[in-house]
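> Next up is a structure, given as structure tokens.
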Amino acid sequence: MFSFKEKIKMSLIKNNIKDEQNPFILFKNWYKKAKSNEISNPNAMALSTVGSFNKPRTRMVLMKEIREDGIVFFTNSNSRKGKHIVKNKNVSLNFYWKSIERQVLISGKIKKISSKDSDKYFRSRNRKSQIGAWTSKQSQILKNKSDLKTRFDDFEIKFQGKEIPRPKHWYGYCVYPDCFEFWLEGDGRLHDRLEYKLKSGQWIKKLLYP
Ligand SMILES: Cc1cc2nc3c(=O)[nH]c(=O)nc-3n(C[C@H](O)[C@H](O)[C@H](O)COP(=O)(O)O)c2cc1C
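The sequence shown lines up with residues 6 to 215 when you count with my numbering.
Below you can see the structure in the form of structure tokens.
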């Protein structure tokens, strides 16, 4: 926990962060702090997608890359979220880093990354995770837990002694933000909220009431 004095020092406004024009720089700066302070998975983020009848759904995924203009994660394209994304490209992300008392909200449009980049990341995963990607019919009904293990064992045998290719339904996705909100906990609920919105290629910044 931070003292009031420390919080003031870190505050968005006192830190001249309000002068930062590119939210990705601020995001990387906060993520770096989160990596040194969070117990595990500082890259965990809540991903919200919208399904049929405009029903939203949120689940955790792991950020694997911060690009110049986007944030990348990997998943099964046949999963529920994969199906949502085909129909509606509008998504949102939320990071909450308890140890440093901050959250970052992001919204934007989502797009698959190239097969080449997906292959590259897939190759970097350990063998068990690669077999896991083949094994899981993500979001489909699993009748028995033993069926999962049997599928895993079958794929292990199938790929024995071979390089495991990326399943065609397993892809990286990039979220291209058009809005960021940086939220920093303040004393007496006087939290800092700094919003960046992309308008005609320019990031427009505004402070928001907490
Ligand atoms: C911390 C954490 C990280 C996760 N990371 C991923 C991920 O990177 N990709 C993924 O497909 N699922 C990940 N999951 C599982 C998802 O939350 C979810 O159960 C799965 O993707 C199916 O979601 P869907 O049915 O809405 O498509 C993660 C779960 C947790 C708790």
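No residue lacks a Cβ here, since even glycine has one placed at the ideal position from N, Cα and C.
Using a threshold of 8 Å, state whether the C-beta atoms of residue 144 and residue 97 are closer than that.
Looking up residue 144 in the sequence shown gives position 139. Looking up residue 97 in the sequence shown gives position 92. Against a cut-off of 8 Å, the Cβ pair of residue 97 and residue 144 comes out as no contact.
> Measuring alpha carbon to alpha carbon, tell me which of 207, 211 and 179 ends up nearest residue 70.
If you number the sequence shown from 1, residue 70 lands on position 65. Answer by Cα proximity: 179.
> Confirm, please, whether the CB-CB distance from residue 175 to residue 109 is below 8 Å.
Looking up residue 109 in the sequence shown gives position 104. Looking up residue 175 in the sequence shown gives position 170. No, these two residues do not count as a Cβ contact at 8 Å.
> Measure the alpha-carbon distance for residue 126 versus residue 81 and round it to whole angstroms.
Position 121 of the sequence shown, counting from 1, holds the residue named residue 126. Position 76 of the sequence shown, counting from 1, holds the residue named residue 81. In a straight line, the C-alpha of residue 126 is about 14 Å away from that of residue 81.
> Any idea what DSSP makes of residue 113, helix, strand or coil?
For the purposes of this step, residue 113 is taken as residue 108 along the sequence shown, with counting starting at 1. Three-state result, residue 113: strand.
> From this set, 106, 62 and 29, which residue's C-alpha is nearest residue 42's C-alpha?
Locating residue 42 in the sequence shown gives position 37, counting from the first residue. With distances taken between Cα atoms, residue 42 lies closest to 106.
> Which partner residues does residue 211 have in the DSSP bridge list?
Mapped onto the sequence shown, residue 211 falls at position 206. Paired residue(s): 200.
> Checking 8 Å against the spacing of the C-beta atoms, do residue 122 and residue 193 come in under that value?
On the sequence shown, residue 122 is found 117 positions in, with the first residue counted as 1. On the sequence shown, residue 193 is found 188 positions in, with the first residue counted as 1. The answer is no: Cβ separation not under 8 Å.
> What alpha helix (DSSP H) runs, 4 residues minimum, are completely inside the region 16-95?
For the region 16-95, whole alpha helix (DSSP H) runs of length 4 or above, ordered along the chain, are 28-42 and 85-92.
> Which whole-angstrom value is the C-beta distance of residue 208 and residue 201, which I expect to be below 8 Å?
For the purposes of this step, residue 208 is taken as residue 203 along the sequence shown, with counting starting at 1. For the purposes of this step, residue 201 is taken as residue 196 along the sequence shown, with counting starting at 1. Their Cβ separation, rounded to whole angstroms, is 5 Å, which keeps residue 208 and residue 201 in contact under 8 Å.
> So, do the region 45-60 and the region 141-157 have three or more beta carbon pairs nearer to each other than 8 Å?
Contact between the region 45-60 and the region 141-157 is absent, because fewer than three Cβ pairs lie under 8 Å.
> Going by C-alpha distance, which of 114, 148, 103 and 79 is nearest residue 95?
Taking the sequence shown and counting its residues from 1, one reaches residue 95 at position 90. Checked all of 114, 148, 103 and 79; the closest Cα to residue 95 is 114.
> Confirm the yes/no value for this check: CB of residue 132, any heavy atom of ligand 1, distance under 7 Å.
Counting from one through the sequence shown, the residue named residue 132 turns up at place 127. Checking the Cβ of residue 132 against ligand 1 gives no.
> Is there at least one non-hydrogen atom of ligand 1 closer than 7 Å to the beta-carbon of residue 78?
Position 73 of the sequence shown, counting from 1, holds the residue named residue 78. Under cutoff, so the answer is yes.
> Just how far apart, CA to CA, sit residue 142 and residue 120?
Residue mapping note: residue 142 aligns to position 137 of the sequence shown, counting from 1. Residue mapping note: residue 120 aligns to position 115 of the sequence shown, counting from 1. Approximately 20 Å, taken between the alpha carbons.
> Between the Cα of residue 44 and those of 134, 103, 77 and 87, spot the shortest distance and give me the residue it belongs to.
Translated into positions along the sequence shown, residue 44 becomes position 39. Residue 103 is the option with its Cα nearest to residue 44.
> For residue 88, which of 72, 46, 67 and 116 has the nearest alpha-carbon?
For the purposes of this step, residue 88 is identified with residue 83 of the sequence shown, where counting begins at 1. Of 72, 46, 67 and 116, the residue nearest in Cα terms is 116.
> Rounded to whole angstroms, what's the CA-CA distance from residue 172 to residue 161? Just pull it up for me.
Locating residue 172 in the sequence shown gives position 167, counting from the first residue. Locating residue 161 in the sequence shown gives position 156, counting from the first residue. Looking at the two C-alpha atoms, the distance is approximately 14 Å.
> Could you tell me the boundaries of the alpha helix (DSSP H) in which residue 157 lies?
Here residue 157 refers to the residue found at position 152 when the sequence shown is read from its first residue. Note, residue 157: alpha helix (DSSP H), 150-163.
> So which of 134, 147 and 37 has the shortest CA-CA distance to residue 170?
Working through the sequence shown from its first residue, we reach residue 170 at position 165. Considering only alpha carbons, the answer is 134.
> Less than 8 Å between the beta carbons of residue 99 and residue 50, yes or no?
Taking the sequence shown and counting its residues from 1, the one referred to as residue 99 is at position 94. Taking the sequence shown and counting its residues from 1, the one referred to as residue 50 is at position 45. Yes.
> According to the neighbour-count rule (16 or more other Cβ atoms, all chains shown, within 10 Å of its Cβ), is residue 75 buried or exposed?
Here residue 75 is taken as the residue at index 70 of the sequence shown, counted from 1. By the neighbour-count rule (16 or more Cβ atoms within 10 Å), residue 75 is buried.
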